[in-house]
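> Residue numbers (UniProt numbering): 1 to 70.
1) Starting from the C-beta of residue 29, find all residues in its chain whose C-beta is less than 6 Å away, skip the five residues before and the five after it, and write them out in chain order.
2) Quick check: what's the CA-CA separation for residue 66 versus residue 37?
3) Expressed to the nearest angstrom, what Euclidean distance is found between the alpha-carbon atoms of residue 11 and residue 32?
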């Protein structure tokens, strides 16, 4: 009977270890996904700001160019 009990305990410990490793692994993956999402949002904001500034800076040049095209 002692050996059967040891086997059950070993399986429980193994299951707990696997569950802990999986929980840690998923936590790391979720953190990486979150960081990636934040970086993508920052890049989108910087891109939108850059486009807006370029449009403002080149508006006079574009207007002169449009006059020559017409």
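Quick reminder that beta carbons are idealized off the backbone N, C-alpha and C, glycines included.
A quick look at the data gives this:
1) Within the chain shown, residue 29 is the residue found at index 29, counting from 1. Cβ within range, chain order: n/a, list empty.
2) Taking the first residue of the chain shown as position 1, residue 66 is located at position 66. Taking the first residue of the chain shown as position 1, residue 37 is located at position 37. The alpha-carbon atoms of residue 66 and residue 37 are separated by roughly 39 Å.
3) Locating residue 11 in the chain shown gives position 11, counting from the first residue. Locating residue 32 in the chain shown gives position 32, counting from the first residue. Rounded to the nearest angstrom, the two C-alpha atoms are 31 Å apart.
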